[in-house]
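Novice: Sharing a structure, written as structure tokens. Questions coming.
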Amino acid sequence: MDLTSKPIPARKLGILISSRPEQPSFRHGVRLAGTALRAGVDVYLYCIDDGVLGVNDPELQTLKSTGLKLYACAYGAQRRNLPINEAAMFAGLTIVNDLMASTDRFISFNG
Amino acid sequence: MTTSPQDSRSALSSPPRRKALFVINSDPRTSPRTAEAIRIAAGVGTWRKIEVTVVLCETAVMALSEFPDDLVDEDHFRRYLPIIGEWGRPVFVETGAPLLNDLGQTPVPYERITISQLAAMAADSDYVLRF
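Going line by line, the protein sequences match chains E and U. Take the first sequence: its position 110, counted from the start at 1, is 110 in the working numbering, and no numbers get skipped. Take the second sequence: its position 37, counted from the start at 1, is 1037 in the working numbering, and no numbers get skipped.
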């Protein structure tokens, strides 16, 4: 049996960030996402609460261009008068629910 | 074609729901994080794919106040706590938390737990989210 020809299912990592972009935990979440992407993991990152303020973070946007699935809380953006644009997929809490239920690992950065 | 006992089990029963523990200790009188955490917990748990448990520690127990008028984003507590209450599990509060005796008639039932019990809950959960 040729095991090398059998496709290995991609692992999925969900990350939730609610901290402000200037807080260390925001950066920790972004760095984890980058490390996981480079290791071949499918990464889904959801910015919520104050985390939506960091959606345009240059490092985050670079990761998005290399495969990061970037989501942001539409409600949080609306409350902060942030534009709903192409920077992320703006969505509701059902996405957070799906990430928790469907990813192999889920980690939150709320500090 | 034969099936193993394991195959039969997986065909007949759905996998257990993952458990998410929300530990909230922000002060709802000064921080919007408590209300936001309650909103997130309700929004995630309402789909019933995840078993969500909420634990309020320290001054966060004020989220259960009968009169949340002075809390930041008090409408979140009025709107989302009843959703959490519909799941058939109490909201848990830290035994010995200050202000626990000032809550009045709480909008949802609550149960006191010790820090040791909280630690056991965390160990039994798939995810722990702290706000």
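Glycine residues also receive a C-beta, built at the ideal position from the N, C-alpha and C atoms. Predicted model only: the values in this text are computed from it and were never measured.
Mapping DSSP to helix, strand and coil, what is T1059(U)?
Specialist: The answer is helix: DSSP assigns T1059(U) an H, G or I state.
Novice: Since G34(E) and L63(E) are thought to touch, with beta carbons under 8 Å apart, how far apart are those beta carbons, to the nearest angstrom?
Specialist: Correct: roughly 5 Å between the Cβ atoms.
Novice: Can you give me, in chain order, the residues of the segment 97 to 110 of chain E that have a beta carbon less than 7 Å from any beta carbon in chain U?
Specialist: So the list reads N97, M100, A101, F106, S108 and N110, given in the order they occur along the chain.
Novice: Cutting at 6 Å between CB atoms, please list the residues of its own chain near D1027(U), excluding the five before and the five after it.
Specialist: Result list for D1027(U): T1059, in chain order.
Novice: So, does the CB of L45(E) fall closer than 8 Å to a CB anywhere in chain U?
Specialist: False, the Cβ-Cβ gap to chain U never drops below 8 Å.
Novice: So, is the C-beta of L164(E) closer than 8 Å to a C-beta in chain U?
Specialist: Look at the range of chain E in this structure, 1 to 111, and you will see that residue 164(E) is not part of it.
Novice: Does F1132(U) pass the burial test, meaning 16 or more other C-beta atoms within 10 Å, or should it be called exposed?
Specialist: This structure leaves residue 1132(U) out entirely; chain U is present only between 1001 and 1131.
Novice: Mark A1042(U) as exposed unless 16 or more other C-beta atoms lie within 10 angstroms of its C-beta, in which case mark it buried.
Specialist: Per the 10 Å Cβ criterion, buried.
Novice: For G51(E), which residues from the same chain have a beta carbon less than 7 Å from its beta carbon, with the 5 sequence-adjacent residues on both sides left out?
Specialist: Counting only Cβ-Cβ distances below 7 Å, and skipping sequence neighbours, we find I17, S18, S19 and F26.
Novice: Is the beta carbon of A91(E) closer than 8 Å to that of L70(E)?
Specialist: Not a contact, by the Cβ cut-off of 8 Å.
Novice: Looking only at DSSP bridge pairs, what is S113(E) linked to?
Specialist: Absent from the model: residue 113(E). The displayed extent of chain E is 1 to 111, so no value can be given.
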